[in-house]
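In my numbering, the protein residues as written are 5 to 502.
Where is the CB? At the ideal position from N, CA and C, for every residue including glycine.
Heads up, the thing below is written out as structure tokens.
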């Protein structure tokens with residue numbers, strides 16, 4: 005018997021501890037905004053399909069064998085990131101040979117630009133002076149032979165002609181050496197330098213052409229996005245122009261809606277529209293009309309309207325994926341007065357969207373719907389009093405708040421005030437010895453709770469969404485911290501958005 009009593013006491017204490025822990029949880033901090041009242045155009049819903057804002061089928065500009073293919077479907081790639089690489093050994097050898105030829109052309113140009121060496125100029129000058137000396141000797145010898153001939157001395161005509169010829173040849177040799185010295189001293193011709201520069205530039209262009217061919221052996225992502233298709237693999241031969249991968253840009257997505265000609269005049273580029281994608285946990289987005297096609301379908305009399313929506317990029321990928329069904333609400337109806345709330349105030353997950361309206365706690369206390377949480381009519385003592393478990397409708401019996409066990413059970417009894425008591429069987433003391441705990445001190449401000457209000461969504465105006473439900477202009481709705489709120493849960497407003 006004693007063993008059973010101890011077991012009952014332990015169970016009662018464990019239940020009490022759990023209740024105390026729950027009771028000590030304070031109100032949830034939230035950020036609120038006021039319900040606004042504005043004149044808006046009535047909305048009409050159109051169904052469309054999500055498409056990427058940009059799509060690129062990346063192809064190969066050259067042919068070759070794939071040696072590296074580091075991507076998979078679903079990978080996020082950055083602009084310029086390699087997608088596929090071809091074999092480049094042959095092109096690398098061609099580049100090395102072309103660069104060597106370029107260095108040769110550059111050295112030839114440098115040689116011409118530097119001009120003649122001082123030693124070469126000195127050598128030419130020495131040859132010129134030697135030629136001058138030989139010229140002087142030949143000329144002097146010819147003059148001596150000429151005098152002898154004029155004086156009638158013995159000299160043949162042949163000797164005279166040989167002396168004249170030697171003098172003329174020496175004169176010409178001197179002039180040739182003189183011009184050679186002048187050319188070495190003046191340097192190469194401007195035209196020669198220009199020709200060398202042209203040969204150098206042509207070879208440089210050849211090197212750049214080969215490097216461009218090498219660059220084309222690596223296909224890269226044209227923009228930030230996601231890989232959605234693989235078109236080759238390592239070891240395969242890729243032909244020129246063959247697609248190797250497909251990349252889409254999903255940081256922004258587009259939705260195309262077909263609007264009737266009677267309604268297209270109310271649509272304007274730049275208008276804010278409400279976009280709902282039911283496949284997502286948080287399906288509500290705000291989009292902007294990006295373009296309106298001036299050409300309609302002559303059969304259906306509809307005009308394509310493109311709505312651009314900013315995507316949510318998560319670690320596991322984009323929230324909005326291409327191919328999802330989207331419902332777009334365009335403001336094409338009559339002007340009317342409507343209530344609007346920030347789109348962050350709308351909570352999904354139930355049969356219909358709801359907003360959490362902040363208000364004072366009901367008379368029964370915070371934490372439950374009106375009428376719940378207080379003692380039943382006729383129960384004695386304040387709500388925080390501890391009453392033993394009894395039978396029937398007596399105080400502390402089955403009709404009291406928190407009770408529900410049979411008479412004599414050892415379950416803990418907790419009132420709305422957070423005070424916890426044990427039954428006489430659990431404590432071994434008569435009920436008369438229990439006393440009520442002192443009442444809690446009044447708080448500085450009355451507690452506030454949230455109540456869920458189902459709403460029907462309408463048009464969007466910027467970041468605000470039209471709603472229809474049991475709310476009024478000026479009501480406070482939770483816009484931050486509403487993900488895990490319970491109906492009639494106590495809250496603490498930390499800030500109010502403008």
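Exposed or buried, what is residue i when buried is set at 16 or more other beta-carbons lying within 10 Å of its beta-carbon?
i: residue 258; result: buried
i: residue 221; result: buried
i: residue 290; result: buried
i: residue 134; result: exposed
i: residue 339; result: exposed
i: residue 97; result: exposed
i: residue 480; result: buried
i: residue 76; result: exposed
i: residue 463; result: buried
i: residue 181; result: buried
i: residue 275; result: buried
i: residue 470; result: buried
i: residue 52; result: buried
i: residue 229; result: buried
i: residue 400; result: The predicted model places residue 400 with a pLDDT of 39, which falls under 50 and marks its position as unreliable, so this point remains unresolved.
i: residue 281; result: buried
i: residue 95; result: buried
i: residue 454; result: buried
i: residue 33; result: exposed
i: residue 490; result: exposed
i: residue 310; result: buried
Tell me the rounded alpha-carbon separation between residue i and residue j.
i: residue 164; j: residue 173; result: 14 Å
i: residue 118; j: residue 125; result: 13 Å
i: residue 288; j: residue 312; result: 14 Å
i: residue 366; j: residue 360; result: 15 Å
i: residue 68; j: residue 74; result: 17 Å
i: residue 114; j: residue 185; result: 21 Å
i: residue 468; j: residue 218; result: 53 Å
i: residue 170; j: residue 143; result: 8 Å
i: residue 277; j: residue 293; result: 7 Å
i: residue 483; j: residue 316; result: 18 Å
i: residue 295; j: residue 344; result: 26 Å
i: residue 194; j: residue 239; result: 54 Å
i: residue 99; j: residue 66; result: 16 Å
i: residue 465; j: residue 42; result: 10 Å
i: residue 272; j: residue 358; result: 30 Å
i: residue 254; j: residue 204; result: 47 Å
i: residue 492; j: residue 264; result: 45 Å
i: residue 132; j: residue 199; result: 30 Å
i: residue 487; j: residue 214; result: 59 Å
Excluding five sequence neighbours on each side, which residues of the same chain lie with their C-beta closer than 7 Å to the C-beta of residue i?
i: residue 246; result: 63 and 64
i: residue 472; result: 459, 460 and 462
i: residue 248; result: 62, 63, 64, 87, 88, 223, 235, 236 and 242
i: residue 474; result: 457
i: residue 499; result: 35
i: residue 327; result: 53 and 54
Under 6 Å Cβ to Cβ from residue i, same chain only, skipping five residues before and after it: list those, please.
i: residue 153; result: 159 and 164
i: residue 233; result: 250
i: residue 336; result: 48, 267 and 270
i: residue 128; result: 184, 185 and 188
i: residue 1; result: Past the boundaries of the shown model lies residue 1; the chain is included only from 5 to 502, so the question cannot be answered.
i: residue 167; result: 145, 146 and 149
i: residue 105; result: 207
i: residue 305; result: 265
i: residue 349; result: 359, 481 and 483
i: residue 1; result: No statement about residue 1 is possible, as the shown extent of the chain runs from 5 to 502 and does not include it.
Here's a check: name, in chain order, each residue in its chain whose Cβ is nearer than 8 Å to the Cβ of residue i, leaving out the five neighbours to either side.
i: residue 285; result: 352 and 353
i: residue 451; result: 31, 364, 365, 370 and 494
i: residue 446; result: With a pLDDT of 44 at residue 446, under the threshold of 50, the modelled position of that residue is not reliable, and the figure given next carries that caveat. Cβ within range, chain order: n/a, list empty.
i: residue 40; result: 343, 344, 345, 468 and 477
i: residue 536; result: Any question about residue 536 goes unanswered here, given that the chain covers just 5 to 502.
i: residue 244; result: 64, 65, 66 and 67
i: residue 85; result: 224 and 225
In the DSSP assignment, what are the bridge partners of residue i?
i: residue 497; result: 34
i: residue 341; result: 43
i: residue 311; result: 259 and 293
i: residue 119; result: DSSP, once it has assigned bridges, lists no residue as partnering residue 119.
i: residue 179; result: Partner(s): none; residue 179 has no beta bridge.
i: residue 254; result: Answer is none; residue 254 lacks a bridge partner.
i: residue 452; result: 364 and 495
Answer with yes or no whether the minimum CB distance from residue i to chain B is below 9 Å.
i: residue 286; result: The structure shown has no chain B; it contains just one protein chain.
Q | Ranges of the beta strand (DSSP E) found wholly within the segment 50–94, counting only runs of at least 3 | A | 68–72 and 86–90
**Q.** Uninterrupted beta strand (DSSP E) stretches inside the segment 279–303 (no shorter than 3 residues)
**A.** 288–296
Q | Every unbroken beta strand (DSSP E) within the segment 459–492, with a cutoff of 3 residues, ordered by chain | A | 468–473 and 480–484
Q | Complete runs of the beta strand (DSSP E) confined to the segment 188–231 [at least 3 residues] | A | 222–224
Q: Run through the segment 93–165 for me and flag every whole alpha helix (DSSP H) of 4 or more residues, listed as ranges in chain order.
A: 93–118 and 122–154
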